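So for the sequence shown, our numbering puts the first residue at 1; every next one is plus one. Backbone N, C-alpha and C fix where the C-beta goes; we use that ideal spot for every residue, glycine too. Note that this is a predicted model, so its numbers are computed, not measured. To start, the structure itself, in structure tokens.
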Amino acid sequence: MAGMDSGSSAHSSTMMSVFQTSMSTALYSSSWTPTTVGTYAGTCIFLISLATVFRGLLALKAWQEHRWLDAELQRRYVVVNGKAPLAEALSRDSLAKQAHLVLSENGVEENVLVVRNRPAAAFARPWRLTVDPLRALIDTVIAGVGYLLMLAVMSMNVGYFLSVLGGTFLGSLLVGRFINSTDH
1 MAGMDSGSSA HSSTMMSVFQ TSMSTALYSS SWTPTTVGTY AGTCIFLISL
51 ATVFRGLLAL KAWQEHRWLD AELQRRYVVV NGKAPLAEAL SRDSLAKQAH
101 LVLSENGVEE NVLVVRNRPA AAFARPWRLT VDPLRALIDT VIAGVGYLLM
151 LAVMSMNVGY FLSVLGGTFL GSLLVGRFIN STDH
């Protein structure tokens, strides 16, 4: 199109389209531009720490979700005194999760059947004031940290990119076993 020359634009973009190794690449703002090797190393250490914290936040969310689900699905103990038909019916039910235990309280032992009710995968749990605002806060912090890491990688600086990868590796090494497979 005539008159549309991107080179004559008054405002030029500093977004790089290839990876570069400049140690003076700004991170998040022009005031955070490393000027020495030490400040560049400090910026890379910050990114490693931020990526590690990101993995820790994912582990925290998985741990909290597990706690919230356990609190919601508290075990109920049903005393089984000669109620063999119920136990037999549950033993034949392939969907029933059950375990027979012996509880002892004050020296009295009772045979009990542990009953747990697991909701279906499509079942939405009710909104709770004690759970959902904290869940939303954790999700918001995770999204914010994730976007900060994304912006660092989008600077197309090799050192920043490798720092984010290194922090992801370190975070997964430290707390990866606590993260759900659906989180990433």
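When DSSP reads this structure, residue 24 sits in no beta bridge, so it has no partner. Residue environment: residue 48 is assigned as buried (16 or more neighbouring CB atoms within 10 Å of its CB, all protein chains considered). The alpha-carbon of residue 19 is positioned some 34 angstroms away from that of residue 62. Taking C-beta atoms under 8 angstroms as the contact rule, residue 21 and residue 160 fail to qualify, at a distance of about 10 angstroms. Taking C-beta atoms under 8 angstroms as the contact rule, residue 27 and residue 163 fail to qualify, at a distance of about 10 angstroms. For residue 133, the uninterrupted alpha helix (DSSP H) run begins and ends at 132-154, by DSSP.
Using a Cβ distance threshold of 8 angstroms, residue 169 and residue 59 do not count as a contacting pair.
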